[in-house]
Amino acid sequence: MSRSATVLIVSDPHYAGAVEQARRGYELACAPNWAVRQLIGLYRGYYWLRDPLGNGPFLEAFLQRSGPADFVIANGDYSADSAFIGMADDAAFASAQECLGKLRTRFGDRLHATIGDHELGKTSLVGSKGGLRLASWPRTVKELALRPFWQFTWGRYVFIGVTSTLLALPVMLREAPVGEHPAWETLRAEHLAAVRAAFASLQADQRVLLFCHDPTALPFLAELPEVRARLGQIETTVIGHLHSELLLRKSRLLAGMPPIRWLGVSVARMSTALNRAKIWRAFNVRLCPSLTGIQLMKDGGWLTVELDAEANRPAKWEFHPVRWDTVQNH
Numbered sequence: 259m260s261r262s263a264t265v266l267i268v269s270d271p272h273y274a275g276a277v278e279q280a281r282r283g284y285e286l287a288c289a290p291n292w293a294v295r296q297l298i299g300l301y302r303g304y305y306w307l308r309d310p311l312g313n314g315p316f317l318e319a320f321l322q323r324s325g326p327a328d329f330v331i332a333n334g335d336y337s338a339d340s341a342f343i344g345m346a347d348d349a350a351f352a353s354a355q356e357c358l359g360k361l362r363t364r365f366g367d368r369l370h371a372t373i374g375d376h377e378l379g380k381t382s383l384v385g386s387k388g389g390l391r392l393a394s395w396p397r398t399v400k401e402l403a404l405r406p407f408w409q410f411t412w413g414r415y416v417f418i419g420v421t422s423t424l425l426a427l428p429v430m431l432r433e434a435p436v437g438e439h440p441a442w443e444t445l446r447a448e449h450l451a452a453v454r455a456a457f458a459s460l461q462a463d464q465r466v467l468l469f470c471h472d473p474t475a476l477p478f479l480a481e482l483p484e485v486r487a488r489l490g491q492i493e494t495t496v497i498g499h500l501h502s503e504l505l506l507r508k509s510r511l512l513a514g515m516p517p518i519r520w521l522g523v524s525v526a527r528m529s530t531a532l533n534r535a536k537i538w539r540a541f542n543v544r545l546c547p548s549l550t551g552i553q554l555m556k557d558g559g560w561l562t563v564e565l566d567a568e569a570n571r572p573a574k575w576e577f578h579p580v581r582w583d584t585v586q587n588h
């Protein structure tokens with residue numbers, strides 16, 4: 259009888275440690291005027307997430323309720339990134355370190371973690387604060403011990419984790435200081451070489467489970483000949499970043515829209531991603547939402563998948579919701 263394995267997947271915990279929790283109103287502080295502050299307050303309060311610094315109880319609920327697993331994947335964004343410069347900010351670094359410490363204590367060497375966009379820095383939604391910072395890279399890779407690229411094989415399955423910010427650097431680079439651009443380009447070239455080598459070495463009977471935090475990266479992956487030639491072997495690409503199935507459905511609806519470059523960096527980034535979102539379909543995308551989901555839907559949770567080593571049986575995916583009324587303080 260064929261072997262089976264359980265894979266547990268969590269994404270976007272956005273954990274805030276004590277120092278980040280003290281930064282209440284950090285996003286409103288970026289707003290340039292009263293009207294924008296009101297709009298951000300409404301967006302946060304009714305649609306996205308009223309308390310972006312209050313995710314800790316959801317992480318604890320996940321750690322307590324998730325069952326046994328052979329492999330565990332964390333798909334990026336471990337802090338609140340309340341200074342918008344990723345791990346270059348000491349407070350965000352402390353949050354991510356605490357979050358990853360909890361995950362590693364619970365799961366040990368079964369844990370494989372990707373790098374999300376908030377590890378490296380991301381410009382604020384309004385006010386153009388922060389952005390991609392090179393100082394976040396060594397803190398992420400060396401001090402947090404997050405590998406930019408990783409892979410392992412189990413049965414006929416090849417698990418591959420990539421860094422979406424590097425793959426989508428042509429979109430993200432405008433958020434970095436100009437003097438840092440060459441270093442980021444070098445890091446991207448190294449990453450592309452690792453990805454190309456991995457896909458080139460795939461055997462014809464192997465199936466890929468790809469873990470990529472931000473789907474903005476997928477069209478750039480599709481440009482690589484080695485990846486394009488083996489798209490049929492990608493059984494599933496697990497993304498995070500969008501936090502909610504509602505956002506994934508909206509993204510599919512808006513796929514192909516023209517980029518909007520005159521409403522600031524954040525809108526340009528998001529609309530550019532949507533412009534090429536039709537390509538996501540070729541990667542068999544499946545979203546792992548954040549543990550909270552969004553305020554409007556309260557639809558967060560985590561995923562599990564049951565795999566057959568010889569891939570004779572279809573993978574069995576299951577979503578495990580975290581009901582807000584069962585989480586302390588919510």
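So for the sequence shown, our numbering puts the first residue at 259; every next one is plus one. For glycine and all other residues, C-beta sits at the position ideal for the given N, C-alpha and C. Since this is a predicted model, take the numbers as computed values, not measurements.
Using beta carbons (cut-off 8 Å, strictly below), is residue i in contact with chain B?
| i | result |
| --- | --- |
| residue 319 | Of the protein chains in the structure, only one exists, and it is not chain B. |
Considering Cα atoms alone, identify which of the options is closest to residue i.
| i | options | result |
| --- | --- | --- |
| residue 286 | 542, 423, 382 | 382 |
| residue 602 | 344, 314, 358 | Outside the displayed span of the chain (259 to 588) sits residue 602, for which this structure offers no information. |
| residue 388 | 344, 410, 421 | 344 |
| residue 288 | 419, 567, 342, 333 | 342 |
| residue 650 | 580, 390, 454, 467 | This structure cannot settle anything about residue 650, because the visible part of the chain is limited to 259 through 588. |
| residue 394 | 366, 423, 410, 458 | 423 |
| residue 468 | 494, 261, 426 | 494 |
| residue 361 | 283, 566, 502, 320 | 320 |
| residue 379 | 366, 418, 338 | 338 |
| residue 456 | 390, 502, 299, 418 | 418 |
| residue 555 | 282, 308, 290 | 308 |
| residue 366 | 399, 390, 398, 327 | 327 |
| residue 446 | 398, 427, 435 | 427 |
| residue 397 | 346, 462, 290 | 346 |
| residue 527 | 390, 283, 299 | 390 |
Taking 8 Å as the threshold (C-beta atoms), are residue j and residue i in contact?
| i | j | result |
| --- | --- | --- |
| residue 560 | residue 353 | no |
| residue 336 | residue 401 | no |
| residue 275 | residue 356 | yes |
| residue 316 | residue 485 | no |
| residue 340 | residue 278 | yes |
| residue 416 | residue 460 | yes |
Can you grab the Cα-Cα spacing for the pair residue i / residue j, in whole Å?
| i | j | result |
| --- | --- | --- |
| residue 392 | residue 306 | 28 Å |
| residue 487 | residue 364 | 38 Å |
| residue 318 | residue 552 | 18 Å |
| residue 350 | residue 492 | 34 Å |
| residue 489 | residue 295 | 44 Å |
| residue 583 | residue 471 | 28 Å |
| residue 483 | residue 386 | 36 Å |
| residue 348 | residue 273 | 14 Å |
| residue 431 | residue 572 | 39 Å |
| residue 549 | residue 311 | 13 Å |
| residue 567 | residue 411 | 10 Å |
| residue 533 | residue 575 | 29 Å |
| residue 261 | residue 564 | 11 Å |
| residue 451 | residue 444 | 11 Å |
| residue 531 | residue 502 | 17 Å |
| residue 301 | residue 263 | 41 Å |
| residue 384 | residue 541 | 32 Å |
| residue 271 | residue 557 | 14 Å |
| residue 283 | residue 504 | 26 Å |
| residue 299 | residue 280 | 18 Å |
| residue 290 | residue 322 | 41 Å |
By Cβ distance below 6 Å, which residues in the same chain neighbour residue i in space, the five residues on each side in sequence not counted?
| i | result |
| --- | --- |
| residue 569 | 414, 465 |
| residue 329 | 265, 368 |
| residue 269 | 333, 498, 546 |
| residue 587 | 315 |
I'd like the list of long-range same chain contacts for residue i, defined as Cβ closer than 7 Å, with 5 residues on each side in sequence excluded.
| i | result |
| --- | --- |
| residue 529 | 515, 517, 518 |
| residue 577 | 559, 561 |
| residue 585 | 315, 316, 319 |
| residue 543 | 473, 495, 497 |
| residue 313 | 271, 272, 273, 274, 549, 550 |
In its own chain, which residues sit with a C-beta less than 8 Å from the C-beta of residue i, not counting the 5 before and 5 after it?
| i | result |
| --- | --- |
| residue 500 | 473, 506, 509, 545, 547 |
| residue 449 | 406, 407, 420, 421, 424, 425 |
| residue 458 | 484 |
- Task: Please determine if the region 365 to 376 and the region 398 to 413 are in contact, where contact requires at least 3 C-beta pairs separated by less than 8 Å.
- Result: yes
- Counting pairs of beta carbons, one from the region 531 to 548 and one from the region 503 to 523, are three or more of them closer than 8 Å? yes
- Query: Do the region 473 to 482 and the region 438 to 445 meet, that is, are 3 or more Cβ pairs less than 8 Å apart?
  - Reply: Taking a cut-off of 8 Å on C-beta distances, the region 473 to 482 does not touch the region 438 to 445, as fewer than three cross pairs fall below it.
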